[in-house]
Amino acid sequence: MNLEIKNVSKTLPEYRQVIDLVKNSFPKEEQYPIWLLKLWALKKNVHFWAYYQNDEFCGVSYLVSHEEMTFVLYLAVNNQVQSKGYGSAILETLKEKFSGKNITLNIERLDPSADNYEQRVKRLKFYKKNGFYDTDYTITDRGETFLTLTTSPFFSVEVFKKVLRELTLGLDLLKIGKSES
636 MNLEIKNVSK TLPEYRQVID LVKNSFPKEE QYPIWLLKLW ALKKNVHFWA
686 YYQNDEFCGV SYLVSHEEMT FVLYLAVNNQ VQSKGYGSAI LETLKEKFSG
736 KNITLNIERL DPSADNYEQR VKRLKFYKKN GFYDTDYTIT DRGETFLTLT
786 TSPFFSVEVF KKVLRELTLG LDLLKIGKSE S
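Mapping of the sequence shown onto our numbering: residues 636 to 816, in sequence order.
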C-alpha cells in the first residue's frame with residue numbers, strides 16, 4: 636500500500652479532521668496544545684503529516700527526526716478506515732522514509748488496573764507485529780508513564796534524550812527510566 640504524505644497546515648482541506656483525530660485519539664493529559672505542536676513543527680526536522688490513500692484521509696503522525704533516530708510523538712488512524720491495514724502502512728512508510736534510523740515511540744504501559752488494559756495489550760501486540768521491540772525504558776510525561784518501543788534491538792537512551800530535547804526546544808520536560816520488571 637503506497638500512502639501519500641502531506642504536511643499538516645491550515646491550507647489542508649482535511650485540517651479540521653486531522654486536528655480532531657489528534658484530539659480524539661489521545662487522552663487529554665497526553666496531548667500537547669495544537670499551537671505548541673504547530674510551533675515545534677516549524678523546525679525542519681519536525682514533521683506533522685497527514686496520510687492519504689487514493690485521496691482518502693487515512694491517518695496522521697507527528698514526529699521529530701534526528702541523525703540516528705526518528706521519534707513518533709503521535710500516530711493515529713482515521714476512525715472511518717481503521718482495521719484496514721493503514722496503521723501498519725503508515726509505519727512501513729516511516730521505516731522507508733527514515734531508512735537506517737530507529738523509529739521510536741511510546742505507548743501506555745501495561746497496567747492491569749487501567750480501564751483500557753485490553754486496548755493497551757492489543758496496542759503492544761500491534762507494534763511488536765510491526766517490528767518494534769520493547770527497549771526496557773519508560774518515559775514519564777506530566778505524571779503518566781509510557782513504555783518506549785523502537786524498531787531496532789539496539790537502543791541508545793542518550794540519542795533518545797537528544798531527540799526529546801530537540802523536540803521540546805531544549806527543555807527537559809520528560810523523565811526517562813528503566814522499566815520495572
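Beta carbons: idealized from backbone N, C-alpha and C, even for Gly.
Between residue 693 and residue 707, the CB-CB gap reaches or exceeds 8 Å. A Cβ-Cβ separation of about 18 Å leaves residue 681 out of contact with residue 656 under the 8 Å criterion. Cα atoms of residue 639 and residue 813: separation of roughly 37 Å, rounded to the nearest angstrom. Comparing C-alpha distances from residue 636 to each of 759, 729, 766, 699 shows the shortest one belongs to 729. By the neighbour-count criterion, in which a residue is buried when 16 or more other Cβ atoms sit within 10 angstroms of its Cβ, residue 684 is buried.
Relative to residue 726, the option among 658, 761, 659, 794 whose CA is nearest is 761.
Collapsing the DSSP output to three states places residue 666 in coil.
DSSP, read as helix, strand or coil, puts residue 786 in coil.
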